[in-house]
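Engineer:
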Amino acid sequence: METGDAVCLMTSIALIILSIQYRRGRWLCSIAGYDVTKRESGIDIRPYAKLISSVTLWMGLLFFLLAVEDWVRDWNTSVFEVLVLLLFSLASLSFVRLVRFVFMRR
13 METGDAVCLM TSIALIILSI QYRRGRWLCS IAGYDVTKRE SGIDIRPYAK LISSVTLWMG
73 LLFFLLAVED WVRDWNTSVF EVLVLLLFSL ASLSFVRLVR FVFMRR
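One point on numbering: in this note's numbering, the residue at position 47 of the sequence shown is 59, and numbering is uninterrupted.
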């Protein structure tokens, strides 16, 4: 395993753990502005955390796929390309949903 693959693997594990914790309602203090929003305006951070959770999950899976790219390409190249396209599309759609949610809530 090369250095780049190891970095992608560690990043994917971190993103997936963050995603799980955000979905459970834990570690919300790592979201920027969490402490400020609670005191000043009473904004509920949980809907934001769920959307951030979906973005981090898809990005974590994409990083995991990039970490094991050599093994998957040896197995079947077309499957790898379809999976990358699918995960990238899902991550992009989740990010667009998050941005839309943020701007609609203002």
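For glycine and all other residues, C-beta sits at the position ideal for the given N, C-alpha and C.
Because the structure is a prediction, the values reported are computed rather than measured.
Could you have a look at R58 and say whether DSSP puts it in helix, strand or coil?
Structural biologist: helix
Engineer: Quick one, which of L105, E14, V19, C20 has its alpha-carbon nearest I64's?
Structural biologist: Selection L105, E14, V19, C20 evaluated against I64 yields L105 as nearest (Cα-Cα).
Engineer: What span of residues does the alpha helix (DSSP H) with R36 cover, start to end?
Structural biologist: 15-36
Engineer: If we count the other Cβ atoms within 10 Å of its Cβ and call it buried at 16 or more, is S31 buried or exposed?
Structural biologist: buried
Engineer: So, G72 versus S42, is the Cβ gap smaller than 8 Å?
Structural biologist: No, the pair does not count as a contact, with Cβ atoms beyond the cut-off.
Engineer: For A44, which of A61, R112, L102, V19 has the nearest alpha-carbon?
Structural biologist: A61
Engineer: Identify the continuous alpha helix (DSSP H) that holds L95 and give its terminal residues.
Structural biologist: 89-116
Engineer: Cα-Cα, which of V108, L21, V67, L98 is closest to Y34?
Structural biologist: Nearest to Y34 by C-alpha distance, out of V108, L21, V67, L98, is V67.
Engineer: Give the secondary structure of V84 by DSSP, where H, G and I count as helix, E and B as strand, and everything else as coil.
Structural biologist: Collapsing the DSSP output to three states places V84 in a helix.
Engineer: With a CB to CB cut of under 6 Å and the five nearest residues on each side skipped, what residues in its chain are close to L78?
Structural biologist: C20
Engineer: Under the three-state reduction of DSSP, which class applies to I64: helix, strand or coil?
Structural biologist: helix
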